[in-house]
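Participant:
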Amino acid sequence: MQTQTRVKLKVRPFTADDYADITRLHNANFPGFRTRTSRPNLLPTGYFVAVAGDEYVGVSNLWLSPVAGELRTGTTGVQREWRRRGIALALKVRSLEFANMQAYLRAATAHKTNNHRMIAINDRLGFSKQPAYVHYLKTFET
Ligand SMILES: CC(C)(COP(=O)(O)OP(=O)(O)OC[C@H]1O[C@@H](n2cnc3c(N)ncnc32)[C@H](O)[C@@H]1OP(=O)(O)O)[C@@H](O)C(=O)NCCC(=O)NCCS
Numbered sequence: 191m192q193t194q195t196r197v198k199l200k201v202r203p204f205t206a207d208d209y210a211d212i213t214r215l216h217n218a219n220f221p222g223f224r225t226r227t228s229r230p231n232l233l234p235t236g237y238f239v240a241v242a243g244d245e246y247v248g249v250s251n252l253w254l255s256p257v258a259g260e261l262r263t264g265t266t267g268v269q270r271e272w273r274r275r276g277i278a279l280a281l282k283v284r285s286l287e288f289a290n291m292q293a294y295l296r297a298a299t300a301h302k303t304n305n306h307r308m309i310a311i312n313d314r315l316g317f318s319k320q321p322a323y324v325h326y327l328k329t330f331e332t
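The working numbering puts the first residue of the sequence shown at 191, with every later residue one more than the last.
Here it is, written out as structure tokens:
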């Protein structure tokens, strides 16, 4: 029989104090994280963390878009052992609420076509599919 334990989870905006911890965690899993977070289109107030006690269990972030009135979602990730408890969904709901409260008109998101978990979440949140680009490559004979 599967047992479930209730854990107090907080989804809150990322603070300056979180930066060092999050960078360390991301660097362990995603080399190059610091380079990405120093890009000028990162929106620090739209960076959300899910925290259980003093453990970071998930992240989701928003980026400025070149399209007026639009924000783009960046990586959403949940620690493996915390998955399937609605944490990614909660993070994305929180970030969409933020975008709405800041008077943005749209949020754009993208995922790999085989990421069924993220597709289920985005469908559930009401994202509509946009026409996709197919990339072609022609190699010249030398
Ligand atoms: C994708 C990811 C963020 C989902 O996190 P999560 O906290 O487990 O997701 P949630 O618990 O909020 O899931 C919400 C819904 O998504 C769907 N879903 C999530 N994981 C699923 C799985 N393994 N299989 C099928 N559906 C799944 C379900 O509809 C689920 O609702 P339900 O549990 O009521 O059925 C997590 O698996 C992850 O970190 N993956 C690696 C990073 C990644 O691929 N990020 C996305 C690219 S930006």
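The beta-carbon is built from N, C-alpha and C at its ideal position, and this holds for glycine as well.
Any contact of the region 321-330 with the region 256-270, i.e. 3+ C-beta pairs under 8 angstroms?
Facilitator: Under the 8 angstroms Cβ criterion, the region 321-330 does not count as touching the region 256-270, having fewer than three qualifying pairs.
Participant: Under 6 angstroms Cβ to Cβ from LEU254, same chain only, skipping five residues before and after it: list those, please.
Facilitator: Taking the sequence shown and counting its residues from 1, the one referred to as residue 254 is at position 64. ASN231, LEU233.
Participant: Does the distance from the C-beta atom of PHE238 to that of LEU281 stay below 9 angstroms?
Facilitator: Along the sequence shown, read from residue 1 onward, the residue named residue 238 stands at position 48. Along the sequence shown, read from residue 1 onward, the residue named residue 281 stands at position 91. Taking 9 angstroms as the Cβ cut-off, PHE238 and LEU281 qualify as a contacting pair.
Participant: Give the straight-line distance between the Cα atoms of ALA210 and ALA293, rounded to the nearest whole angstrom.
Facilitator: Along the sequence shown, one-based indexing puts residue 210 at 20. Along the sequence shown, one-based indexing puts residue 293 at 103. Whole-angstrom Cα-Cα distance: 30 angstroms.
Participant: Pair every Cβ in the region 300-308 with every Cβ in the region 284-291, then say whether three or more of these pairs are closer than 8 angstroms.
Facilitator: no
Participant: Report the start-end ranges of each alpha helix (DSSP H) in the region 248-298 that is 4 residues or longer and not cut off at the edges.
Facilitator: The region 248-298 contains these whole alpha helix (DSSP H) runs: 277-291.
Participant: Within 8 angstroms: the Cβ of ALA280 and any heavy atom of ligand 1?
Facilitator: Residue 280 sits at position 90 when you count from the first residue of the sequence shown. Result yes, Cβ under 8 angstroms from ligand 1.
Participant: Starting from PRO203, follow its DSSP beta bridges and name the residues at the other end.
Facilitator: The sequence position of residue 203 within the sequence shown is 13, counting from 1. The partner list for PRO203 (beta bridge, DSSP) reads PHE238.
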